[in-house]
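Numbered according to full-length UniProt numbering, the sequence shown terminates at residue 182, and the numbering increases by one at each position without gaps. Note that the Cβ used here is the ideal one computed from N, Cα and C, for glycine as well. To start, the structure itself, in structure tokens.
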Amino acid sequence: MTKRITLAVSGSISAYKSADLTSQLKKRGYNVTIIMTKAATSFITPLTLQVLSKNPVYLDVMEEKVATRIEHIDLGKETDLFVVAPASANTIAHLANGFADNMLTATALALPSTTKKLLAPAMNTKMYEHPLTQKNLTSLEEIGYDIIQPKSALLACGDIGRGALADVDDILIKIEEILHEP
1 MTKRITLAVS
11 GSISAYKSAD
21 LTSQLKKRGY
31 NVTIIMTKAA
41 TSFITPLTLQ
51 VLSKNPVYLD
61 VMEEKVATRI
71 EHIDLGKETD
81 LFVVAPASAN
91 TIAHLANGFA
101 DNMLTATALA
111 LPSTTKKLLA
121 PAMNTKMYEH
131 PLTQKNLTSL
141 EEIGYDIIQP
151 KSALLACGDI
161 GRGALADVDD
171 ILIKIEEILH
181 EP
């Protein structure tokens with residue numbers, strides 16, 4: 001049976017890497033559904049991810065395209081792995097505090113407790129190292145999120161430090177590990 005991955009893309013300059021991640025997941029035979037925050041659409045278009053995933057891209061929690069479905073509930077029920085990559089500081093804070101104010105956070109809150117979850121942070125070093133971000137990441141780990149650490153690199157803002165999205169290959173390795181756990 002084909003594993004279903006929901007890839008949630010939040011607003012980060014690293015959002016463009018979600019195209020490569022989507023493509024690589026499809027090549028490995030996964031069914032990939034995309035959720036994007038409004039901020040993510042400033043960095044990459046939904047059409048790009050729709051073409052690569054061969055599935056609709058979900059943007060608005062209030063838009064129900066089929067009267068018999070509640071998308072954020074049904075997507076949660078249908079996924080084997082919920083991946084947030086990139087995960088911005090804003091999205092991490094919303095997830096850690098139970099906000100459900102967009103399609104990404106509403107779907108995350110509606111996930112069955114048994115659904116596996118992976119978070120790949122991407123942000124400025126100071127934002128990543130901020131005690132509140134670290135507290136939020138710890139809170140998410142405590143409720144079952146796997147966290148793939150960002151790497152140290154020259155960031156888009158010109159700073160050098162930890163905060164760059166983990167390499168797509170490393171994210172893929174972690175996805176494979178999670179999906180093949182007993």
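Helix, strand or coil at residue i [DSSP, three-state]
i, result
"S14", "helix"
"T6", "strand"
"K38", "coil"
"A106", "helix"
"residue 186", "This structure gives no information on residue 186, because the portion of the chain shown stretches from 1 to 182."
Cβ neighbour criterion (16 or more within 10 Å) applied to residue i
i, result
"S88", "buried"
"P150", "buried"
"L155", "buried"
"S18", "buried"
"E71", "buried"
Extent of the continuous alpha helix (DSSP H) to which residue i belongs
i, result
"G76", "E71 to E78"
"D170", "V168 to L179"
"P46", "P46 to S53"
"M62", "That residue, M62, is in no alpha helix (DSSP H); it is neither H nor E in DSSP."
"T68", "Where T68 is concerned, there is no enclosing alpha helix (DSSP H), given that its DSSP letter is neither H nor E."
"M127", "T125 to E129"
Which listed residue (the options) has its alpha carbon closest to that of residue i
i, options, result
"D159", "I178, Y128, E177 and E176", "Y128"
"P56", "Y145, L140, K126 and L75", "L75"
"L81", "A96, L49, N136 and P112", "P112"
"F43", "T22, D169 and S14", "S14"
"E176", "V83, G163 and D101", "V83"
Residues bridged to residue i [DSSP beta-bridge criterion]
i, result
"G161", "A153"
"K117", "F82 and Y145"
"Y30", "None, per the DSSP bridge assignment."
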